[in-house]
Amino acid sequence: TLPLLSPPSRRPPPLASRPHFPARPRTLAKPAAAAAAMITGGQSYVSAPPAFSADGRFLLVCSGRSVSVFSTSTGMLVSELEGHEGDVTAVVVVPPQSSAAAAAKLATHCWTAGLDGFLIYWDFATAELVRKVKVDAPVHSMVIPNISKKLKVTEVYAPFAFVSVEALSNKAIQDKAKGKPVAKKKELWGQLRIYDLWKGCQVGSELAQTRKPEKIVVSCSGEFLGIANKRHLYIWSIPTKDFNHDNIRKIKLGHTKKLSTLAFHPSERIVAGGDATGRILIWRGFGKAKFSGTHCAKSQVDEERDGVRGKDDAGTCTTWHWHSSGVNFLKFSSDGAYLLSGGMEGVIVVWQLDTGKRRYKPRLGSPLLFFVDSPDSSISCVSCTNNQVHLLNMPNMEVLKTVSGIKMPIASGDLSRRDVCGFDSTNGLVAIPTQDYCIQFYNLFENTEVSEVREST
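For the sequence shown, the UniProt record's numbering assigns the number 1 to the initial residue and increments by one for each residue that follows.
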């Protein structure tokens with residue numbers, strides 16, 4: 001059980017102390033006469049959610065155009081997966097199989113997606129690129145549910161990737177075909193597509209088209225996936241047995257504010273959504289009418305409408321509020337008894353699902369972005385905006401190790417003090433002033449943090 005602590009401050013850090021990471025990884029170069037002497041380092045480790053290996057021994061982190069593999073016991077860099085020509089935006093470890101032989105064979109395999117428009121299959125134990133699937137559009141998010149497909153008379157694992165891509169909208173395609181001008185802001189849209197990773201091709205038409213690519217969230221069972229788009233959650237029911245894309249069904253849940261994230265309960269039909277104002281909404285019994293397809297279920301939904309808007313397909317909806325600004329992540333505990341949330345305050349809030357009571361993990365130093373569990377839930381990790389990924393011992397959330405990337409210099413209104421840093425070209429070391437009167441020493445040759453010291457005042 002988690003110790004009950006006094007509520008921390010909900011006031012976010014001042015804007016001047018919030019480091020800002022550019023969309024592209026920051027590159028530092030060693031002065032040299034030849035381009036071959038160029039060295040790079042300091043990619044962002046927090047641009048996308050990381051992933052644990054099936055045995056929990058390794059943490060795979062998207063870092064620029066590569067994936068960095070860290071040991072969870074030491075926090076040290078073990079290897080890197082290099083093969084993308086654009087930023088890596090998603091890493092998914094292949095789910096364990098039912099048979100022991102298949103599970104052992106695929107225990108060190110993963111899929112990655114990138115802005116170069118490719119999905120790549122890896123053996124991360126040997127850093128070997130096994131296969132590439134072309135998508136022909138920048139991929140911003142990817143999930144791979146544990147789906148089976150009937151092959152003759154047996155059910156076999158079938159890898160299908162659900163990807164969120166940036167592509168031309170249907171209207172833009174039609175206008176271009178007619179020779180009409182298309183406004184740039186209306187030209188590129190987000191699309192949700194399905195790819196058969198065995199055959200290397202798209203399956204059917206897109207599931208959805210949005211104003212921009214959205215992050216996809218999948219349930220533990222793979223039965224549901226969803227996105228937060230403006231003031232709605234869009235949820236799809238996926239047939240995990242004998243998969244057929246024609247049998248996918250969709251519902252929509254509405255809210256009065258912009259929704260920023262969502263999470264599915266591990267065993268019950270409950271979905272949580274976080275909005276831009278810090279509120280958390282809990283929909284229970286979603287999809288009873290549409291996903292079950294029975295008139296009895298529909299009449300039950302019509303009767304139980306507590307907190308549910310309009311004709312939304314859900315039993316009840318409750319609202320919690322603690323965060324002072326947008327909720328960045330939501331995550332249910334493995335037993336489903338608790339819901340974890342995080343945002344700009346740098347605090348992990350642990351909500352008891354039945355009562356709404358709160359417990360807290362005190363400040364972790366900077367705003368929180370992502371929270372990911374290991375397969376056995378003994379270790380979790382939280383990604384922070386200061387380019388650090390903390391490995392946490394569960395359930396007490398004690399910090400075991402920290403993976404530290406390069407930090408951005410503290411924001412300053414004085415132009416003469418911006419991007420001031422020291423550089424040792426011989427050893428590849430850079431010294432960077434960061435927030436809280438600290439100086440970070442970073443090794444570009446090893447692409448790791450050497451140390452961090454605090455100035456005395």
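Glycine included, every Cβ here is placed at the ideal spot set by N, Cα and C.
Here the structure is a predicted model, which means the values were calculated and not measured.
Burial state of Gly-310 is exposed, judged by a 10 Å Cβ sphere holding fewer than 16 other Cβ atoms.
In the DSSP secondary-structure assignment, Gly-343 is bridged to Val-327. Under the three-state reduction of DSSP output, His-265 falls in the coil class, being neither helix nor strand.
Taken through DSSP and simplified to helix, strand or coil, Glu-187 comes out as helix. Lys-331 and Ser-378 have their C-alpha atoms spaced approximately 15 Å apart. The secondary-structure analysis by DSSP pairs Lys-401 across a beta bridge with Leu-391. Setting aside the 5 residues that flank it on each side, Val-308 is surrounded in the same chain by Ala-314 and Cys-317, each with a C-beta closer than 6 Å to its C-beta; the list follows chain order.
Contiguous beta strand (DSSP E) elements confined to the region 106-134 occur at 109-114, 118-123 and 128-134, taking only those with 3 or more residues. For the 8 Å CB-CB criterion, Thr-72 and Leu-391 form a contact. Within the same chain, Cβ atoms closer than 7 Å to the Cβ of Thr-448 are found at Leu-77, the five residues on either side in sequence being excluded. Contact check for Gly-343 against Leu-364 fails: the beta carbons are separated by 8 Å or more. Straight-line measurement puts the Cα of Leu-59 at about 13 Å from the Cα of Ala-48. With contacts defined by Cβ atoms closer than 8 Å, Ile-280 and Gly-274 form a contacting pair.
According to DSSP, Ile-439 shares a beta bridge with Pro-433 and Val-453. Checking the DSSP bridge columns, you'll see Ile-280 partnered with Gly-274 and Trp-320.
By the beta-carbon neighbour count (other beta carbons within 10 angstroms, threshold 16), His-323 is buried. Gln-174 carries a helical assignment under DSSP once its states are collapsed to helix, strand and coil. Using a Cβ distance threshold of 8 Å, Met-394 and Ser-380 count as a contacting pair. The shortest CA-to-CA distance from Ser-53 to any of Glu-82, Gly-83, Val-67 and Cys-110 is the one to Cys-110. DSSP places Glu-206 in no beta strand (DSSP E); its state is neither H nor E.
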